[in-house]
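Asks:
In the numbering used here, the protein residues as written are 492 to 1388.
#1: Taking C-beta to C-beta, are residue 623 and residue 690 nearer than 8 angstroms?
#2: Is the distance from the Cβ of residue 1294 to the Cβ of residue 1308 below 8 angstroms?
#3: Can you tell me whether DSSP reads residue 883 as helix, strand or coil?
#4: Compare the Cα-Cα distances from residue 921 to each of 891, 945, 927 and report the closest residue.
#5: Straight-line CA distance for residue 686 to residue 732?
#6: Please report the distance separating the alpha-carbon of residue 983 from that of residue 874.
#7: Report the residue ranges of all beta strand (DSSP E) runs contained in full by the region 886-914; include only those spanning at least 3 residues, in chain order.
#8: Need the endpoints of the alpha helix (DSSP H) that residue 1014 sits in, please.
#9: Pairs of beta-carbons, one from the region 926-937 and one from the region 863-881, closer than 8 angstroms: are there three or more?
#10: Do residue 1188 and residue 1143 have their beta-carbon atoms positioned less than 8 angstroms apart in this structure?
#11: Quick one: what does DSSP say residue 1217 is sitting in, helix, strand or coil?
#12: Below 8 angstroms, how does it come out for the region 1037-1055 and the region 1015-1029: are there three or more Cβ pairs, yes or no?
#13: So what's residue 1372 in DSSP terms, helix, strand or just coil?
#14: What span of residues does the alpha helix (DSSP H) with residue 703 cover, start to end?
#15: Considering only residues of the same chain and omitting the five flanking positions on each side of residue 1167, which have a CB-CB separation below 6 angstroms?
#16: Would you kindly report the start and end of the unbroken beta strand (DSSP E) that includes residue 722?
#17: Got a sec? Which residues, its chain only, sit under 6 angstroms from residue 988 by beta carbon, not counting five neighbours each side?
#18: Within the same chain, show all residues whose beta-carbon is closer than 6 angstroms to that of residue 960, passing over the 5 residues directly before and after it, in chain order.
#19: Which residues in the same chain have their Cβ closer than 6 angstroms to the Cβ of residue 550, if we skip the five residues on either side of it in sequence?
#20: Could you tell me which whole beta strand (DSSP E) segments of length 3 or greater appear in the region 1018-1083?
#21: Locate the alpha helix (DSSP H) running through residue 640, then write down its first and last residues.
#22: Out of curiosity, what's the CA-to-CA distance linking residue 630 and residue 1249?
#23: Please determine, among 1194, 818, 1072, 896, the residue with the shortest C-alpha to C-alpha distance to residue 1235.
#24: Which residues bound the alpha helix (DSSP H) around residue 834?
#25: Can you find the residues in the same chain that come closer than 8 angstroms, C-beta to C-beta, to residue 511, ignoring five residues on each side of it along the sequence?
#26: Where do the ends of the beta strand (DSSP E) carrying residue 680 lie?
#27: By a C-beta neighbour count over all protein chains shown, 10 Å radius and 16 as the cutoff for buried, is residue 1373 buried or exposed?
#28: Can you tell me whether DSSP reads residue 1188 as helix, strand or coil?
#29: For a test of the three-state rule: what should DSSP assign to residue 1108, helix, strand or coil?
#30: Can you give me the Cβ contacts of residue 1071 inside the same chain, cut-off strictly under 7 angstroms, excluding the 5 residues immediately before and after it?
#31: Once you ignore the five residues that flank residue 1085 on each side, which residues in its own chain have a CB closer than 7 angstroms to its CB?
#32: Go ahead and label residue 566 buried or exposed: buried means 16 or more other beta carbons lie within 10 angstroms of its beta carbon, across all protein chains shown.
#33: For residue 937, which of helix, strand or coil comes out of DSSP?
#34: Can you check DSSP and say which residues form a bridge with residue 1172?
#35: Using the Cβ count rule (16 or more neighbours within 10 Å means buried), how would you classify residue 1146?
#36: What is the DSSP secondary structure of residue 1276, reduced to helix, strand or coil?
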């Protein structure tokens, strides 16, 4: 912890520009009603530049920090009201300056008043949307949108690029109101230039159904909409980057955009071998479909796409097209291509236990893999008339993957070597898939009456050819496995809503789904010079899941105040296999409440019931013997899991202090929970088979607080997350109760000087515990600690230095010693020629300590895994921007006509 305290001390001591004055007051309408979220801006009287700004809270109060005395103008604005400009009159004798209450009049378009054009209101409320003016938040030359968003008050961006706005996770980022490469928000934040953005809008976007019917269903998502400057909507813009470095490293990147009033066309291309993820894993998941085959071989991911494991050579590209044919028809389409080659060197040490014995395993694995994947996504929205609309979504994917892996394992206790295994696997896989969805929405003349219909179809096919050589003691398995899988699903639903009154609505729905899987595997054993079919292992399997569900619900919706929904569903679920057919009947009660309190506060509550049907791999009786250390076989007698879930959360955002609070609780209990029964064999290998258990309870609590120390201009945030679960597991043949607990604490702090420098620091601490009722000797506990500090400073005009220092510490455990790693990264960037060109020098992992490590525990073991990853390198890069250029710096920010 001393590193954290040192960073905080340095952070506070580096602050040299305290706020000297605070200006406060109240904003009301002419009827003395407080106006919340009114925008207040302090302008320099000489050049109209912005000195300070803020929003009023629920009581109409505002508070502005001012560094220096001077001649200023107060600007007050509120949507639907006439703006007001009032010269600030004070003698600056007091630190706390209280101004008289300001009364704003509603806008009357018939009045001919002075016209005011406010080009630079940094922060304002527009209905339920919070709007930031990008000009008011300075970023370095060539900065991306993520850098811009991270500087906005009330918004945070973590080191992985995830965004939190006013305490809530952001799920979507739109560009001019449209999707940019589908659902991956990082495609926009990491590839678009901050210079192109005019405003950043933060809103709780309603669901498509709520937008169409006008009935709030409470299913809104936190969304950021980037509106581009006018000149960027009339032509082409983008940038290209090339870099070369030590250790044969390289990086290339292209971003090209052509926008106009009707169309958006964007091309993105990337290549590098420094383990940069240009598309996130959510995009990769669209490629792979749902073949139902195993996802790992000898514990190694087949595709090698996730995280920083191994050394990767990546190529990725994408084309996104949005086009409005007219006001009624909009089309979006994108194409994504990914190719990667990955080299992984992995070493795993585990401490394992059965009913009465503890033993250790050490495994070394070397693998190379390559992936070649394509995906096409399309979306159409057609508003036939004011009462009817059709929405279509479709995607197609094609992938080819190759894996070559060699591993060696030894099993030992404190005295003896117990067993050893070796494995060599060559795997070739091809899969393709498609999914289609059509939504029909129809309103009627009677307000609130609607009919919604949905049809979904998906088809995925996978072919896999494995050549496996496993050696266990003196026994050798030399086998070819030919695996084929077909998955197809059809589903349809219909929802009819009838208004019972102005605020009450009743909905009746019916849905049908049918999911069919037909996997088959052929095993060929090598005998002398030839491979012959193994009839005992070869087999086929059929799984057919059919569900019919009917629901009835009542909903009360009071605009901008609350909505309440409750009801019940009845379902018949058929689980049919080629071994047996079974029917299940379930009732699903549900309820939800979204209540908006005064100001920016809200409470959400939901209660749901659901079933989880056993997956194909859990039912599949065709054995998986690809890993010599474990043998997996499914269980066709599994029942679906029946689950009750409760969620409760509270959210509060205070515009006066720019602080937010998020508190939440979720809990669940399950019957027929599916867990793996792991049996330790006499040779210390494992036999794994899924089983149902009748006891499972889980609870998760979480909270976050983000505040600002205004006098010091420091932002800080504290987060806590705890997970508790209590459930039955199998230790060999014995059923045992297990309690698992995880506690995570995070503290972040930062200081921003918008023009010159930024400084941030943070710490994360995680505690993991697992207690076994059967034997206290199996109890597990391990902690992880990480600390970081980063900052950037403008050394002179267009020259900027960035640096980061991180520590990761893995504490002593019963199975591995303490490990501590130190990481230092730095970069220096110089832009020139009107910031069209940028030269950069990057130093990655200067201390050369980057080594992947992961510690985890499961039912029967504790694991410490280490793997290779990209470590120290130095890179020289050059970037060229093209298209639209920066606006003149002499342009005034506020004009009165």
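Just so it is clear, CB atoms sit at the ideal spot from N, CA and C, and this is done for glycine as well.
Replies: Inspection of the coordinates gives the following:
#1: Taking 8 angstroms as the cut-off, the Cβ atoms of residue 623 and residue 690 count as close.
#2: Taking a C-beta distance under 8 angstroms as the contact criterion, residue 1294 and residue 1308 do not qualify as a contact pair.
#3: Note: residue 883 maps to strand in three-state DSSP.
#4: The shortest CA-to-CA distance from residue 921 to any of 891, 945, 927 is the one to 891.
#5: For residue 686 and residue 732, the gap between their C-alpha atoms comes out near 17 angstroms.
#6: The straight-line gap from Cα to Cα measures roughly 21 angstroms.
#7: The qualifying runs do not exist here; there are none.
#8: In the DSSP assignment, residue 1014 falls outside any alpha helix (DSSP H) and within the unbroken beta strand (DSSP E) covering 1011-1018.
#9: In this structure the region 926-937 touches the region 863-881; the number of beta carbon pairs closer than 8 angstroms is three or more.
#10: When the beta-carbon positions are compared, residue 1143 and residue 1188 stay at least 8 angstroms from each other.
#11: In the structure shown, residue 1217 adopts extended strand secondary structure according to DSSP, grouped into three states.
#12: Touching, no, given that fewer than three Cβ pairs across the two stretches are closer than 8 angstroms.
#13: In this structure, residue 1372 counts as strand in the three-state DSSP scheme.
#14: Where residue 703 is concerned, the enclosing alpha helix (DSSP H) starts and stops at 699-704.
#15: Only 1179, 1181 meet the Cβ criterion.
#16: Careful: residue 722 lies outside any beta strand (DSSP E) and carries neither H nor E.
#17: Hits under 6 angstroms: 941, 996, 998.
#18: Scanning its chain for C-beta atoms nearer than 6 angstroms, with the 5 sequence neighbours on each side dropped, one finds around residue 960 the residues 915, 969, in chain order.
#19: 525, listed in sequence order.
#20: DSSP runs (the beta strand (DSSP E)) wholly in the region 1018-1083: 1021-1024, 1034-1049, 1053-1068.
#21: Judged by DSSP secondary structure, residue 640 falls within the alpha helix (DSSP H) whose first and last residues are 636-640.
#22: If you draw a straight line from the Cα of residue 630 to the Cα of residue 1249, it comes to about 11 angstroms.
#23: Considering only 1194, 818, 1072, 896, the residue with the shortest C-alpha distance to residue 1235 is 1194.
#24: Unbroken run through residue 834 is the beta strand (DSSP E), 820-844; no alpha helix (DSSP H).
#25: Setting aside the 5 residues that flank it on each side, residue 511 is surrounded in the same chain by 557, 558, 559, 560, 586, each with a C-beta closer than 8 angstroms to its C-beta; the list follows chain order.
#26: Secondary structure note for residue 680: it is in no beta strand (DSSP E), and the uninterrupted alpha helix (DSSP H) holding it is 677-680.
#27: Residue 1373 is exposed by the Cβ-count criterion.
#28: Correct three-state label for residue 1188: strand.
#29: In the structure shown, residue 1108 sits in a helix (DSSP, three-state: H, G or I).
#30: Only residues of its own chain outside the window of five on either side were considered, and among them 1127 have a CB closer than 7 angstroms to the CB of residue 1071, listed in chain order.
#31: Here the set comprises 709, 1053, 1054, 1093, 1095.
#32: With 16 or more other Cβ atoms within 10 Å, it is buried.
#33: Note: residue 937 maps to coil in three-state DSSP.
#34: In the DSSP secondary-structure assignment, residue 1172 is not bridged to any residue.
#35: Burial is judged here by how many other beta carbons sit within 10 angstroms of a residue's own beta carbon; residue 1146 has at least 16 and is buried.
#36: Taken through DSSP and simplified to helix, strand or coil, residue 1276 comes out as strand.
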